[in-house]
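Chains A, B, C and D, in that order, give the protein sequences. 1 is the number of the first residue of the first sequence in full-length UniProt numbering; add one for each residue after it. 1 is the number of the first residue of the second sequence in full-length UniProt numbering; add one for each residue after it. 1 is the number of the first residue of the third sequence in full-length UniProt numbering; add one for each residue after it. 1 is the number of the first residue of the fourth sequence in full-length UniProt numbering; add one for each residue after it. Step one of this worksheet: look at the structure below.
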Amino acid sequence: MTEYLTLSMLLFSIGAIGVLVRRNAIIVFMCVELMLNATNLAFVAFARQHGNLDGQVAAFFVMVVAAAEVTIGLAIIVSIYRTRRTTSVDDANLLKA
Amino acid sequence: MMLSLLIAVPLLGALVVALLPRTADGATARHVAFGVSILTLLMSLALLREFDIESGGYQLTEDHEWIGALGVHWALGVNGIGLTMIFLTTVLTPIVLVASWRDKEADPARTNTYFAWMLVLEALAIGVFAATDVFMFYVLFEATLIPLYFLIGAHGTGQRSYAAVKFLIYNLLGGLIMLASVVGLYVLSTQQGGPSFLHADLMDLEMSQTTERLLFLGFFIAFAIKAPLWPLHTWLPDAAASATPGTSVLMVSVVDKIGTFGMIRWCLELFPGASEWASPVVLVLATISILYGALLAIGQDDLRRLIALTSVSHFGFIILGIFAFTSVSMTGSVLYMFNHGLSTAVLFLVAGMMIQRRGSARISDFGGVQKVAPVLSGVLLVGGLSSLSLPGLAPFVSEFLVLAGTFTRSIPIATVATLGIVLAAVYILLMYQRTMTGPLNEATAGFRDLSRREVGAMAPALVLIIGLGFVPQPLLEVIDPAVEPVVNTVGVGDPPPRAPLDLTQQTEGAHE
Amino acid sequence: MLDLSWLLIAIPLAGAALLLTWGKESDRFGHLIATACSAASFVLGVVLFVELAGRDAEDRSVTTDLGTWIDAGPFRADFSFTFDTLSSLFVLLITGVGTLIHVYSIGYMAHDERRRRFFAYLNLFIAAMLTLVLAADYLVLFLGWEGVGLASYLLIGFWQHKPSAAAAAKKAFVMNRVGDLGLALAIMTMFAWFGTTSIAAVNDQVHSVSGNVATALGLLLLLGACGKSAQFPLQAWLLDAMEGPTPVSALIHAATMVTAGVYLVVRSHDVFDASATARNVVIAVGVITLLMGAWIGCTKDDIKKALAGSTMSQIGYMMLAAGLGPAGYAFAIFHLLTHGFFKANMFLGAGSVMHGMNDDVDMRHYGALRKAMPVTFYTFGIGYLAIIGFPGTSGFFSKDKIIEAALGHSVWVGLAALLGAGVTAFYMTRLMLMTFFGEKRWRDDVHPHESPSVMTVPLIVLAALSLLAGLMALGSWIEEWLEPAAGHAEHHDLPLPIIVITLIVLVVVAAGVALAWLTYGRRQIAAETPADSEVSAFTRAGRAELYGNHVNDALVVRPATHLTRALVWADAKVIDGFVTGGADRLGEISGELRKPQTGFVRSYALMVLGGALVVLLGLLAVTLA
Amino acid sequence: MTAFWILAPVMVLAAMGLIFARKAVHAALCLAVVMICLAMLYAAQGAPFLFAVQIIVYTGAIMMLFLFVLMLVGVETSDSIVETIKGQRVMAAVVGVLFALLLSLGVAQSVSSAIVGLGEANANGNLHGLASLLFTDYVLAFEFTAALMIVAVLGAMVLAHRERLVAPPTQADLQARRMRDFAESGKHPGNAPTPGVFARHNAVDTPALLPDGTPLPESIPGTLVSRHQFELHDADDVNRVVGEIEAADVDPDERPVTTEKPDVRPASDTDEGESK
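Structural data, given as structure tokens:
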């Protein structure tokens, strides 16, 4: 049990670090997917621990949300790329105060 | 239902006006807006008929649950004080609309929004005066900032954005402090039974001395900014100097009255102990306001700032009367709110007409106008005389009641405050002398006298000012029964005459 | 019938309202309406007076209640009017002299394009003044009190295109307001102590309070009286008020309004009876003003200002008399009435002279007018005789009584009054000599002529009254008549027999006349005013109105101006500076907070993760603890 | 448990690859590895349905989507190695490691209750169990996810859609533009020459040769150029081939062939007019 959770959290952290250090928006997205998957693992593990399927249902929902997110996210990347000819997240810095 | 209708009619009217097709001259919008305001006035007169003067207390009450979980109600009701203020609002709005008829000629397409915002302001002000639920009061209190912000910022002149932002932030700050107190009341009421914001429920709350004082301060600071009390007054001259005359009237004559109205309705009634605790400081601040506003007005060269500063002085009188806690002074204060609304409206509107003709608000740019525009100068003089509380004009009655009531409570304060009447004569007559008399300034030589529309706009206000100067009783009869419970709540009351009592009784018998 | 006294006020008030709101078409006949209103009021006044006189002495006071004016909590003021012996005399004076001046003004203002407005203001004044004297409640009295102030303001500044007139009007109103401050505080004190502002009730109860309260009340009322009656220290506005049209000076600033202070003191006599201190202050004020006014009158070359100085001085007499207590009230009122006649007469005469001299007011440009304007001369002459107290004229009786009473009170006060009488004789003789006698010193384009009869008839009537009003003193009628209103007077023992006093007064007056004759009658009078450097310090001080304006400037106006400027500066820099400064500080803090906002998504993400870490640590800490 | 201990290191390594891979395609492959391993772990955890979904939806659909987009845009972008934000990497590493430590030590270790197992829940089969939950307790959420998917699809369409501001150029416009370009800059008006007609092998990553034997860089597809995945025949190749064909002829000179800038046509590469 503990090992599953540890793995899940390790993957989550790796994903988080990836988000922070990678600049290619697509890879950043992949890292986000990794984080989502890590939580799914935890959900599934908890489902087994508690002996009901709610965790699996949650993982299921997470997948749906992830799918939707990827759809939109990639569309955004494409449209950004179209106007700015880049997929580096550092180039989209209009938020700069 | 009547009160809700009274709020709904101008609000719907505003919607209609805003959605009307934008014509080049905006005539339709003006006519519709005026019609709506007249309808509202008639409805408020109907309200007067429904209202039972004798019985006092809150009448025409409504109570619908609004946000159940928080115990918030859409609760309306008026006593004599609220009714007076509503009446002031409904009377002034048509006057302002007619006087603003030709405003914004440079940008006629925006006439619709201009008039729509004014109607929105009217509706919100009525709501504030009628609310008996403190949460609803708070929401509407803050909501009045929105139309005013746009009226100043979008339709004003000069440094209008600066003035609008200053106005908004200043008042919002006060409102947020008040919000803290509203939340405090919520917590208290939740602890003592269910959550409720209803005025009647809140009056029964038990609170410790410190709690009461803190909550009182939250409300009082918000109202003192609104009213505006020295030293929280500096937003007013800026806002008035940038707003159109109509906006200034609605702001100073109606919306600022929410401050003094709130002091009576919420500060005094909910926190009588704390009010009494704070009264020495408030009385001193009010007295400073009276003299300070007057002295500053003397030194002004901008007509609109001058009138705004005279209002600071007058608000000092109103607050003085409220916190003297005698029925005489408080009745005077409520009456003062009404009368000050009228006299300031006249002054602001006439000043607006002068500025429109001259293209400048500087007093030194005028001179000798009396010769070419006698009616204009006559109206200005009557407005000015009412502002300096000449007996025979409405504000005198209220000012005297305030001073006489305060005198029975504190002779030094009343004496110093009475100096204000001398200063009032100086600032009004100095302004009149510099604008209207003396040799004719070339720039003012081509002045048109008031048009028939302008006279029509001013006439009702002037008639009321003169009429209420001699016959204030109809209003006093409405106000007096409503003030009595407030005075009793605070529990200080009118001191008896200081002369030996037996003699007093004897002469009262002789007086009959 | 007597409860119709409110109609006295209503008629001229309606006239004023009508004329102010009616359009230009009423220009042609507006003055006639106004005159008719005033005359109607006078006729009604006479009828009421006769009816009052027909009653028993105890019943000579009728109070009419028109209803409540203000009723708030324990405060109550009614629109009630008292028609009694005191107010009836005033009604006759105001409406009578007022009507005459209306008639006179028809001629005097014939060529003014705003004549209708002038008459409206005159009617407004009559109404306000009648309110003042008829009021049965101090608050209603205050209404009239400020009403006459307003009328005075409007009329002094009637020729508004002259900056001096506008400034004088404002000055008069503001200085009056200082006095009104006193009256207002007095009314508040009455309410606080007696719970009522009814004149009768207050005067009833005032004996029941401590002397300090009565003194305070008396001094506050006196402050009001000083403002309205141009008494020291609020005297400075009256001479400037001469900027108004001459009929205004005659009606308001000589005959009626300025005497309202005396009326107030007499009306509130119980207050002053209760406080010897207050009475003494009244006397002091009266004596000081009496001498000041006389001094100023001696030095002015402007005929209206010389007369205004004289008015101050004469009102000082009345004030002095009123301060003497029950012994003097009736004499104060008596002198007030006779002064109303002869001073109005002389002011109108001066107006007639000015009318003939192209509105020149400088007496140095007059001379030898007795031939050119005979009617004016004779009527003015009668006024002159009356004011110096020539035996047989009204002034002789009224002034003599005051001097007697003053001597009865204190030798020093009596001597001051006596001195005043001598100086009065001097400056009035000077005025007569410079205007009507001597040689012509006319400007080139001036062709003096007698005024039209519409102006001379009022002069003749007033002259007759000046001559005959002394009849009121026959058999102490005036004292008896006023007794119900002003209280019973105990006769004091005088230090000297009356006849001796009268003789002394006459000798002093004769000396004054002789001195004036020596100075101005026998010598050539310079056609131009001598420069200040050529005249004595006495004259210089008089011309400068005894430096009253300088004192006001130094003590009030300049400090107030500086204070105002300082406050305007402080408001913008300190109070508003605090507000805007706060906004600026906030802006600076925001500027600092902007720096971490790099715009890089990844640094925001790092902050989010860091935040999550902190939250996690906190949770763990809480769980473990 | 064996499966876990085999899969876990693989997954962690693959995940690390996500951080360190230079090329986006490699990162995508690493992610695919993680996902497939994850699917197996699901299966081991008694979630056969999720196993299938993970493979089909994640690895099959989502990863494909990633690759599509990569092919669409990502291949032409280069991920610079230099970190531009000061301290970002260090801070990210510190915070990330702390986070991992905290989570795995603090949270994961604190879960101590016994494992119930899914035997009972999966009694009717995993699919039945999931379905009975999804369509009863979670039916509302389920419906909302349906709405979410539709919104997402619409959103993607809106985002990816390019509004035309002007009418699309017609054939005539295009032709006119080509001719104008040719007149102004000498740009070849016809089709780009096809790559890979160099006789030795037929490949898209090799430029075509002109009749005089010089290579034509324009013939290489732009995508390959930006990925540097092309081979310019070098001088030796040419020489060798020329030598093979015309062994008896005059030795050709050494020709400097520029390989660094394939889009700039070398100026001096036409001295040997040999062709096949």
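Backbone N, C-alpha and C define an ideal beta-carbon position, used for all residues, glycine too.
Return the first residue and the last residue of the beta strand (DSSP E) that residue i is part of.
i        : result
SER333/B : SER333/B -> not in any beta strand (DSSP E); alpha helix (DSSP H) instead, spanning 327 to 358.
Which residues in the same chain have their Cβ closer than 8 Å to the Cβ of residue i, if we skip the five residues on either side of it in sequence?
i        : result
ILE298/B : LEU423, VAL426, TYR427, LEU430
VAL16/B  : VAL32, VAL36
SER242/B : ILE152, GLY156, THR157, GLY158, GLN159, ARG160, TYR162, ALA163, ALA164
PRO221/D : PRO195, VAL204
LEU119/B : PRO10, LEU11, GLY13, ALA14, VAL17, ALA33, VAL36, SER37, THR93
For residue i, I'd like the list of residues in its chain whose CB is within less than 7 Å of its CB, leaving aside the five on either flank, ordered along the chain.
i        : result
GLU69/A  : none
PHE194/C : ALA201, VAL202, GLN205
LEU295/B : LEU423
ALA18/B  : ASN112, THR113, ALA116
ARG357/B : PHE447, ARG448
Does residue i pass the burial test, meaning 16 or more other C-beta atoms within 10 Å, or should it be called exposed?
i             : result
LYS371/C      : exposed
GLN49/A       : buried
ALA459/B      : exposed
MET242/C      : buried
VAL128/B      : buried
LEU555/C      : exposed
residue 692/C : Residue 692/C is absent from the model: chain C starts at 1 and stops at 625.
TYR547/C      : exposed
ASN358/C      : exposed
THR170/D      : exposed
MET1/D        : exposed
VAL158/D      : exposed
Quickly, what does DSSP pair residue i with across the bridge? List them, please.
i             : result
residue 115/A : Absent from the model: residue 115/A. The displayed extent of chain A is 1 to 97, so no value can be given.
ARG76/C       : ASP71/C
GLN59/B       : VAL78/B
GLU404/C      : According to DSSP, which records beta bridges pairwise, GLU404/C is partnered with nothing at all.
ILE67/B       : VAL72/B
Would you mind reading off the limits of the alpha helix (DSSP H) that contains residue i?
i             : result
ALA52/D       : 48 to 53
VAL95/D       : 88 to 101
VAL258/C      : No alpha helix (DSSP H) holds VAL258/C; DSSP gives it neither H nor E.
ASP240/C      : 236 to 240
LYS584/C      : According to the sequence as given, residue 584/C is Asp; it is not Lys. Looking at the DSSP string, the run of the alpha helix (DSSP H) that includes ASP584/C is 576 to 594.
ASN122/D      : Run containing ASN122/D: none; DSSP gives neither H nor E here.
residue 514/B : Residue coverage of chain B in this structure runs from 1 to 512, which leaves residue 514/B outside it and unanswerable.
GLY436/B      : In the sequence as displayed, the identity of residue 436/B is Met instead of Gly. Per DSSP, MET436/B belongs to the alpha helix (DSSP H) from 411 to 436.
Leaving out five residues on either side along the sequence, give the residues of the same chain with a beta carbon under 6 Å from the beta carbon of residue i.
i        : result
ALA425/C : ILE388, VAL509, GLY512, VAL513
ALA463/C : ASN345, THR379, ILE382
ASP63/B  : HIS73, ALA75
Compile a chain-ordered list of the residues in the region 107 to 139 of chain D whose CB is closer than 9 Å to at least one CB of chain A. VAL107, ALA108, GLN109, VAL111, SER112, SER113, ALA114, ILE115, VAL116, GLY117, LEU118, GLY119, GLU120, ALA121, ASN122, ASN126, GLY129, LEU130, SER132, LEU133, LEU134, ASP137, TYR138
Just by C-beta distance, which residues in the region 28 to 41 of chain D are closer than 7 Å to chain A? ALA28, LEU31, VAL34, MET35, LEU38, LEU41
Residues, ordered as in the chain, of the region 599 to 619 of chain C that lie near chain A by beta-carbon distance below 8 Å: GLY599, PHE600, VAL601, ARG602, TYR604, ALA605, LEU606, LEU609
Can you pull out the residues from the region 296 to 327 of chain B whose beta carbon lies closer than 8 Å to at least one beta carbon of chain C? LEU296, ILE298, GLY299, GLN300, THR326, SER327
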